[in-house]
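For the record, the sequence lines run as chains A and B. For the first sequence, our numbering begins at 1 and goes up steadily by one. For the second sequence, our numbering begins at 305 and goes up steadily by one. Take a look at the structure set out below.
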Amino acid sequence: MSTRVRVLSAGVVTGAGVGLAELSRVLAGTGPGPRSLADFEPAAHVPFRGTRQLCRTTQLACVAAAEAVAGASAAWGSVAPERRAVSLGTEWGSIGPLAGFNRVVVGSGPQQTLPMSFPNVVVNVHAGHLGIFFDAGGPNLTVCGPAAGLEAVVEAVELIELGRADIALAGASDAGDAPVGLPDLGVDAALLVLSRAEVDGVAAVASYRVGPAVGAARDALEEAELRPEEADWWWDSASTEQPDHGAELRRRIGDCRAAHGAVLLAAAVESVRQTQRPALVVATSAPAAPGTAARAVALVIEPV
Amino acid sequence: MTGLGVASPIGTSVPTFWASVTAGHSGIGPIVGMSADGFMTTVGAQVQEVGTPPGRGRAAALASIAGAEALGQAGIDAAGRGRVGLVLGTTMGEASWIESWPDADGVLPEVPASRQAELARSGPAAITADVAATLGLGGRTLTLGAACAGGNYAIGRAADWIRAGRAEVVLACGADAFSRTALAGFGRLGALASKSCRPFSADRDGLVLGEGAGVLVLEAEEHAVARGAAVLGFVAGFGLACDAHHIVSPHPDGAGMARAIAAALREAAISTEEVGWFCAHGTATPANDPAEIAAVRAVFGSAPRQVPVSSVKALTGHGLGAASAIEAVCCLLALRDGLVPPTWGLQAGDPACAWDLVTDEPRAGRVEVVLNNSAAFGGNNAAVVFSSVARGAA
């Protein structure tokens, strides 16, 4: 069992609104329900300048990260910048800037593109901006894919376990803002602060597995020495054998795409804090090819 | 490592690639397959031996070629791939999809439902899924968006999985396809060379955009020995650091690079004087080369002799996510042959890059440790130390 990594805090921007408190209210049925983030203005939510010209994925990540770091400011501040990591997941992080950049290349010519619009098409700049804004000079990772939110958290856990970092901002951000009439790609971000076990935190990472969906969840629970009914399930599957808070979250705030696993984890951490019960969090992605199993990232957290 | 594979502008197999590297055959030439009108250069480094299959991403096609070669050398046949994992580093996914999209009038119409499936195949993770399906890999996969450091990120994290006992065999891959998007973007940043790539030269004027893929098969030594596979070398150390300075430009003092390099050496428990070759990122941009040499000075400055430094991008161009994976293949071959490739074509060096720069011809000698350096947008720096015998983290 791994109890070396702790979750200290979380920050979210979701269809429930800005902040973990808003998400909790919606989940508890006392909030106003899903809302549009179309008029969301990040500058009102971050304690630094320079976010206005950034692309939407970066802006959302900055707001969620600012809430997470504020919730763990003492721990974050006590770690040297070069020991602070960033691990950010995204599925469509650069599709909007990529489409927009190509619109100008084709419509007006390459020389009419704005030079600093190009970096936004490169998918790792969102995490790079977090490194700059939050003075994190350690490992800086970008994880891509449908389950990237929780996968990025697992990457951060491994970085800390291997001694590559002492503290990490980990989670996901996705802004489906492609200007080509794409289907709804989701607009959400969730970042958590994870740390070595010397800091108490809200929850401890007990185990994690990446692999075929059912097997990953079963193995993660087994490694955490928990029976299925001993944990609250945050899965987002219509067919889990236990009551599923993840499916309820999807019903209330919609599909969070890559950020989904990180949003689930943020909600689960808040639940652990309130109930002192372990939680199983699972993010799945569709089969990579016909005949292959759905992949999942399963992570178990428990009270400290 | 037990297998190597490469798809590059100077060869689509390891033997042809290495022959080009040691003989100085360049893959840089006029851009083919698209009009260069309006772009800030007319040259590129493309894998002309490989076409783009209809309906398939080019990066995935290149990575699959390199992956098949690497698996073949490692002696892992189709029946043995069910638990083999894949870590892939790349830049922006299959940009070719969005580049095929605008119509003749230069507008981006809304995507009809009939083509939305293509969008689902355009993200970075789709490259990984395609390669895993093509090669029949059934293990854990991970897609890292790490741009020009993608290969080293993939190698380092694949090695981490094995060290932690979370995987037995993992393919580490860096891959990217030549794209109009990157050509326009680097051009507008003033980073493209007009004719050739001249790392560390006083008259260098930028990078030459390339493409390709490099693949390494990683497994624990005891696992390789147990199945009778030949061990080609070891990942002795891995270091990551973020400049946290500027989203495009490296820190002028190479501060982040130096931290990544030092971390890799520390993990390898290898002293600076043991390093026989520093395989440089060496893009030939005005900003990268002096920053990289500043990082070399910061880490190796107190060593009794200067570590030999060179860049193979003078031949391969800059393959972005593929670059450090292709260069890692070079590192393993340098260990095998005791041969340090030069920076071909380097004549008058930039005084700001003054160091022991290998020029003119390969330098023969005993090489037991090499360091592969890389840097990327976002201030992402990654360094990997390879050794001919097990050291440090290996």
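Glycine residues also receive a C-beta, built at the ideal position from the N, C-alpha and C atoms.
Note down, in chain order, all residues in the stretch 340-351 of chain B with a beta-carbon under 7 Å from any beta-carbon belonging to chain A. G342, F343
Can you look up C634 (chain B) in the DSSP assignment and give me helix, strand or coil? helix
Complete runs of the alpha helix (DSSP H) confined to the stretch 591-625 of chain B [at least 4 residues]: Listed in chain order, they are 592-604, 617-620.
In whole angstroms, what is the alpha-carbon distance linking A462 (chain B) and L439 (chain B)? If you take the alpha carbons of A462 (chain B) and L439 (chain B), they lie about 17 Å apart.
In three-state DSSP terms, what is A279 (chain A)? strand
I need the straight-line Cα distance from H329 (chain B) to G393 (chain B), nearest angstrom please. The alpha-carbon atoms of H329 (chain B) and G393 (chain B) are separated by roughly 26 Å.
Is the Cβ of Q111 (chain A) closer than 8 Å to any Cβ of chain B? yes
Using a beta-carbon distance below 8 Å, is P139 (chain A) in contact with chain B? For P139 (chain A), the nearest CB of chain B lies under 8 Å from its own CB, placing it at the interface with that chain.
What does the alpha-carbon distance come out to for the pair T14 (chain A) and S173 (chain A)? Going from the Cα of T14 (chain A) to the Cα of S173 (chain A) covers about 10 Å.
Assuming P645 (chain B) and V391 (chain B) make a contact with CB atoms under 8 Å, what is their CB distance in whole Å? Not really, about 26 Å apart at Cβ, beyond 8 Å.
Going along chain B in order, which residues have a C-beta closer than 7 Å to the C-beta of S94 (chain A)? M396
Using a beta-carbon distance below 8 Å, is T356 (chain B) in contact with chain A? no
If we define contact as Cβ-Cβ less than 8 Å, is T284 (chain A) a contact residue for chain B? Not one chain B Cβ lies under 8 Å of T284 (chain A).
If you measure beta-carbon to beta-carbon, which residues of the stretch 159-178 of chain A are closer than 7 Å to chain B? L162, R164
Once DSSP output is grouped into helix, strand and coil, what is the label at A189 (chain A)? In the structure shown, A189 (chain A) falls within a strand segment according to DSSP collapsed to helix, strand and coil.
Among A:A283, A:A75, A:R49, A:A220, whose alpha-carbon lies nearest the alpha-carbon of V63 (chain A)? A:R49
Backbone secondary structure at I332 (chain B) - three-state DSSP: strand
Along the stretch 523-554 of chain B, where does the CB come closer than 9 Å to a CB of chain A? Name the residues. Residues passing the 9 Å Cβ filter: F542, G543, L544, A545, C546, D547, A548, H549, H550, I551, V552.
Counting contacts by CB-CB distance shorter than 8 Å, is R444 (chain B) in contact with chain A? yes
Would you say A687 (chain B) lies against chain A (beta-carbon separation less than 8 Å)? Using beta-carbon distances, A687 (chain B) does not count as an interface residue toward chain A, since no partner is under 8 Å.
Could you have a look at G315 (chain B) and say whether DSSP puts it in helix, strand or coil? strand
Where A436 (chain B) and G442 (chain B) are concerned, what is the direct C-alpha to C-alpha distance, given to the nearest angstrom? 7 Å
Near-chain A residues of the stretch 468-491 of chain B - C-beta to any C-beta below 9 Å: A468, R470, R484, T485, A486, L487, A488, G489, F490, G491
Rounded to the nearest angstrom, how far is the Cβ of A349 (chain B) from that of I332 (chain B), given a contact under 8 Å? 5 Å
Out of B:G427, B:G478, B:A588, B:D509, which has the shortest C-alpha to C-alpha gap to S628 (chain B)? Of B:G427, B:G478, B:A588, B:D509, the residue nearest in Cα terms is B:G478.
What do you reckon, is the C-beta of R461 (chain B) under 7 Å from a heavy atom of the ligand NAP? This structure simply doesn't include the ligand NAP, nor any ligand for that matter.
With DSSP as the reference, label T589 (chain B) as helix, strand or coil. coil
Proximity of A259 (chain A) and D200 (chain A) at Cβ, strictly below 8 Å: no
Presumed contact (8 Å Cβ cut-off) between T90 (chain A) and V123 (chain A), rounded CB distance: 7 Å
Using alpha carbons as the reference points, say which of B:E422, B:A488, B:D434 lies closest to T113 (chain A). B:A488
With a cut-off of 8 Å, does the C-beta of A127 (chain A) fall near any C-beta of chain B? yes
Test: P119 (chain A) CB closer than 8 Å to a CB of chain B: When Cβ-Cβ separations below 8 Å define contact, P119 (chain A) makes contact with chain B.
Rounded to whole angstroms, what is the Cα-Cα separation between E222 (chain A) and A175 (chain A)? 35 Å
Would the stretch 213-230 of chain A and the stretch 26-36 of chain A be scored as touching if the rule is three or more Cβ pairs under 8 Å? no
Terminal residues of the beta strand (DSSP E) in which V474 (chain B) lies: 473-480
Say whether the stretch 522-529 of chain B touches the stretch 663-677 of chain B, bearing in mind that this needs 3 or more beta-carbon pairs closer than 8 Å, one atom from each stretch. no
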